[in-house]
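*Asks:* One structure follows; several queries about it will come next.
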DNA sequence: CCGAGTGTGAACGCAATGTGAACCAGCGGC
DNA sequence: GCCGCTGGTTCACATTGCGTTCACACTCGG
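Residue numbers (our numbering), protein chains in the order written: chain D, 8 to 233; chain W, 8 to 233.
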């Protein structure tokens, strides 16, 4: 089994003990660039990030994990009880979290739960919405069984939208979350990619991506069971 | 906001307190058939199932929740630490779990996390007044379940009014708070938008927006209804 | 019965978006 | 190196949605 990624280096003794006890091999990293260095070991099962003594560093690490070419899922964040109210879910930086003091059995249960949910080893990671299916491992997309030939950016954009059905995103938000935080470019770029996506989705499914005038774009039908 | 479904009935006092404290309305059910009875209230935001004193009953309840026509997501399971090693993830009966002793902040954080992940509008993103509901993150509005097709300005105006029910606003105030502080344009613009809002609300709900002659407009019932 | 205040229908004009095409940078193959 | 190809970005123009305004009808209060 490939080892779990753990931050920071060295991790708190409780965490190390808990992982050892539960039988999970792990490797600690201290800085974000280290991820790149380790990337070649493809098939990381996931990561555990501890954000107790350095919350900002931990969140930055989460961000780096999410942005990586191979999204390192799942991400489990360890926090202190005092930090809970300030946890911002909007950025979707982690898949689950664990509160100190760390109980080995809870840690184990959460890891088992996460691994099962993300289906590591079992089935490929999929994003699905209605007739649309994205295979995150093979970078393939299909709608009603028909394969879609998407470019990289088209795929990333569609993946992001389909992962948040019903939600409206401004062009600026899409640029920062799909293209990258530091992206500087015209907002009209989004329009063009949306247009191409709609074209490739086909006339019957073009409506999956809706324009919300003066705001941005939305994927999917009214999740209107308010 | 629709109430959370809670099992069993009555739930443990800690849970009830924690939910109340975090501001989540909830309804307790004691048996599975009760779900069917309650189903009509479509749009349950989720459920919390406590499996401490009756693990089998709790798991049966989880199964029933997953089986329903409207999958009642997300499901949060509350367990005791001793039960953790026996938790079976393979059936995918719950979306997250919480370990006793229950910390209100952790409960709140887990619910926030779940609501965000499942895409169900997070709580603060909703504006509700009677039959009217505005989903701030999908930019959708509905009244008595019927979706409203509002333009951007109509939506913003209604959002502002519905956020301050009972209060009267002059046209000038509305222009500065909805259109923008530096806006300079005719005050009659407000009238036209109000008219269109009333039309879209439908005859039966047009009265939600009342004209206060020589002053402005008010949304909802007056505060001091005699 | 008058006048201020408001409702209503229609028309105008701009800004937001759609659309086609050009531009450019990277990349692999002869 | 030169070439064509692919894909991302940008530009120019067409289109349309909708916010604004106006003119007129109506209502309420004194």
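We put the CB at the ideal spot given by N, CA and C, even for glycine.
Would you call the region 140-153 of chain D and the region 175-192 of chain D touching, i.e. three or more CB-CB distances under 8 angstroms?
*Replies:* Segments in contact, no.
*Asks:* What are the boundary residues of the alpha helix (DSSP H) that residue 26/D is part of?
*Replies:* As a position in the first chain, residue 26/D is number 19, starting the count at 1. It spans 20-29 - the alpha helix (DSSP H) in which residue 26/D sits, taken as one unbroken run.
*Asks:* Just to check my reading of the structure: residue 81/W and residue 121/W have Cβ atoms closer than 8 angstroms, yes? What is that Cβ distance to the nearest angstrom?
*Replies:* Within the second chain, residue 81/W is the residue found at index 74, counting from 1. Within the second chain, residue 121/W is the residue found at index 114, counting from 1. Contact flag correct, Cβ pair sits at about 4 angstroms.
*Asks:* Could you list which residues in chain D have their beta carbon closer than 7 angstroms to that of residue 96/W, in chain order?
*Replies:* For the purposes of this step, residue 96/W is taken as residue 89 along the second chain, with counting starting at 1. Per Cβ cutoff of 7 angstroms: 119, 120 and 123.
*Asks:* I want to verify the contact list: residues of chain D whose CB lies under 8 angstroms from the CB of residue 210/W, in sequence order.
*Replies:* Counted from its first residue, the second chain places residue 210/W at position 203. Simply none; closest approach about 22 angstroms.
*Asks:* Using a 10 Å radius around the Cβ and a threshold of 16 neighbouring Cβ atoms, would you call residue 211/D buried or exposed?
*Replies:* Taking the first residue of the first chain as 1, we reach residue 211/D at position 204. Exposed, since its Cβ has fewer than 16 Cβ neighbours within 10 Å.
*Asks:* 8 angstroms is my cut-off, CB to CB: does residue 63/W come that close to chain D?
*Replies:* Residue mapping note: residue 63/W aligns to position 56 of the second chain, counting from 1. For residue 63/W, the answer is no, since every Cβ of chain D falls outside 8 angstroms of its Cβ.
*Asks:* Does the distance from the CB of residue 54/W to the CB of residue 72/W come in under 8 angstroms?
*Replies:* For this step, residue 54/W is matched to residue 47 along the second chain. For this step, residue 72/W is matched to residue 65 along the second chain. Result yes, Cβ atoms of residue 54/W and residue 72/W sit closer than 8 angstroms.
*Asks:* In chain W, what lies closer than 7 angstroms to residue 92/D by C-beta?
*Replies:* Sequence index remark: in the first chain, residue 92/D carries index 85 (1-based). Those are 112, listed as they occur along chain W.
*Asks:* Would you mind telling me which residues of chain W sit closer than 8 angstroms to residue 225/D, beta carbon to beta carbon, in chain order?
*Replies:* On the first chain, position 218 is the one that residue 225/D refers to. What residue 225/D touches in chain W: 145 and 146.
*Asks:* In the DSSP assignment, what residue or residues form a beta bridge with residue 201/D?
*Replies:* The residue given as residue 201/D occupies position 194 in the first chain. According to DSSP, residue 201/D bridges with nothing at all.
*Asks:* State the Cα-Cα distance for the pair residue 86/W and residue 171/W, rounded to the nearest angstrom.
*Replies:* Along the second chain, one-based indexing puts residue 86/W at 79. Along the second chain, one-based indexing puts residue 171/W at 164. Taking the straight line from one Cα to the other gives about 41 angstroms.
*Asks:* Taking all protein chains shown into account, decide if residue 68/W is buried (16 or more other Cβ within 10 angstroms of its Cβ) or exposed.
*Replies:* If you number the second chain from 1, residue 68/W lands on position 61. So residue 68/W ends up on the buried side.
*Asks:* Whole angstroms is fine: what's the gap from residue 216/D's alpha carbon to residue 113/W's?
*Replies:* One-based indexing of the first chain puts residue 216/D at position 209. One-based indexing of the second chain puts residue 113/W at position 106. Rounded to the nearest angstrom, the two C-alpha atoms are 36 angstroms apart.
*Asks:* Do residue 208/W and residue 116/D have their beta-carbon atoms positioned less than 8 angstroms apart in this structure?
*Replies:* By one-based count along the first chain, residue 116/D stands at place 109. By one-based count along the second chain, residue 208/W stands at place 201. No, the Cβ-Cβ distance between residue 116/D and residue 208/W is not below 8 angstroms.
*Asks:* Roughly how many whole angstroms lie between the Cα atoms of residue 27/W and residue 100/D?
*Replies:* Working through the second chain from its first residue, we reach residue 27/W at position 20. Working through the first chain from its first residue, we reach residue 100/D at position 93. One C-alpha to the other measures close to 27 angstroms.
*Asks:* How about residue 34/D and residue 15/D: are their beta carbons less than 8 angstroms apart?
*Replies:* Taking the first chain and counting its residues from 1, the one referred to as residue 34/D is at position 27. Taking the first chain and counting its residues from 1, the one referred to as residue 15/D is at position 8. The answer is no: Cβ separation not under 8 angstroms.
*Asks:* Kindly say whether residue 194/D, judged by its beta-carbon, lies nearer than 8 angstroms to any beta-carbon of chain W.
*Replies:* As a position in the first chain, residue 194/D is number 187, starting the count at 1. By this cut-off, residue 194/D is not an interface position.
*Asks:* Whose CA, out of 151/D, 98/D, 105/D and 147/D, lies closest to the CA of residue 25/D?
*Replies:* Locating residue 25/D in the first chain gives position 18, counting from the first residue. Per the Cα distances, 105/D.
*Asks:* Where does the unbroken beta strand (DSSP E) through residue 54/D begin, and where does it stop?
*Replies:* Translated into positions along the first chain, residue 54/D becomes position 47. Residue 54/D -> beta strand (DSSP E) spans 54-57.
*Asks:* Would you kindly work out how many angstroms separate the C-alpha atoms of residue 214/W and residue 205/W, rounded to a whole number?
*Replies:* Taking the first residue of the second chain as position 1, residue 214/W is located at position 207. Taking the first residue of the second chain as position 1, residue 205/W is located at position 198. For residue 214/W and residue 205/W, the distance between alpha carbons rounds to 8 angstroms.
*Asks:* Under 7 angstroms between beta-carbons, which chain D residues line up against residue 31/W? List them in chain order, please.
*Replies:* Here residue 31/W is taken as the residue at index 24 of the second chain, counted from 1. Correct list: empty, because the minimum Cβ distance to chain D is about 15 angstroms.
*Asks:* For the alpha helix (DSSP H) holding residue 135/D, just list the boundary residues, first then last.
*Replies:* Locating residue 135/D in the first chain gives position 128, where the first residue counts as 1. No alpha helix (DSSP H) holds residue 135/D; the beta strand (DSSP E) holding it covers 133-136.
*Asks:* Within 10 Å of its beta-carbon, does residue 56/D have 16 or more other beta-carbons around it, so buried, or fewer, so exposed?
*Replies:* Locating residue 56/D in the first chain gives position 49, counting from the first residue. Answer is buried; the Cβ neighbour count reaches 16.
*Asks:* Quick check on the DSSP output: the alpha helix (DSSP H) that includes residue 116/W runs from which residue to which?
*Replies:* Within the second chain, residue 116/W is the residue found at index 109, counting from 1. From DSSP, the alpha helix (DSSP H) with residue 116/W extends over 111-124.
*Asks:* I'd like to confirm the pairing. Which residues does DSSP put opposite residue 154/W in its beta bridges?
*Replies:* For the purposes of this step, residue 154/W is taken as residue 147 along the second chain, with counting starting at 1. DSSP, once it has assigned bridges, lists 149/W as partnering residue 154/W.
*Asks:* So that I know if they touch, is there some Cβ in chain W lying closer than 8 angstroms to that of residue 116/D?
*Replies:* Counting from 1 along the first chain, the entry for residue 116/D is found at position 109. So, interface residue.
*Asks:* Tell me the DSSP secondary structure of residue 66/W in three-state form.
*Replies:* Taking the second chain and counting its residues from 1, one reaches residue 66/W at position 59. Looking at residue 66/W - three-state DSSP - the assignment turns out to be helix.
*Asks:* For the alpha helix (DSSP H) that residue 180/W lies in, which residues bound it at each end?
*Replies:* As a working note, residue 180/W is residue 173 in the second chain. Looking at the DSSP string, the run of the alpha helix (DSSP H) that includes residue 180/W is 178-181.
*Asks:* Using 10 angstroms around the beta-carbon of residue 221/D, count the other beta-carbons present and answer buried if the total reaches 16, otherwise exposed.
*Replies:* Position 214 of the first chain, counting from 1, holds the residue named residue 221/D. Exposed is the call here.
*Asks:* Out of 65/D, 31/D and 29/D, which one is the CA nearest neighbour of residue 38/D?
*Replies:* Taking the first residue of the first chain as 1, we reach residue 38/D at position 31. For the residues 65/D, 31/D and 29/D, the minimum Cα distance to residue 38/D belongs to 65/D.
*Asks:* Taking the continuous beta strand (DSSP E) assigned at residue 168/D, which residues delimit it?
*Replies:* Start at 1 with the first residue of the first chain, and residue 168/D comes out as number 161. No beta strand (DSSP E) holds residue 168/D; the alpha helix (DSSP H) holding it covers 159-170.
*Asks:* Quick one: Cα of residue 18/W to Cα of residue 119/D, how far?
*Replies:* One-based indexing of the second chain puts residue 18/W at position 11. One-based indexing of the first chain puts residue 119/D at position 112. Rounded to the nearest angstrom, the two C-alpha atoms are 27 angstroms apart.
*Asks:* Which one or two residues does DSSP pair with residue 226/D in a beta bridge?
*Replies:* Translated into the one-based positions of the first chain, residue 226/D becomes position 219. Answer is 216/D.
*Asks:* With DSSP as the reference, identify every bridge partner of residue 103/W, one or two as the case may be.
*Replies:* Within the second chain, numbered from 1, the residue matching residue 103/W stands at position 96. Note: residue 103/W sits in a beta bridge opposite 83/W.
*Asks:* Taking the continuous beta strand (DSSP E) assigned at residue 191/D, which residues delimit it?
*Replies:* The residue labelled residue 191/D in the question sits at position 184 within the first chain. Segment: none, residue 191/D is in no beta strand (DSSP E) and carries neither H nor E.
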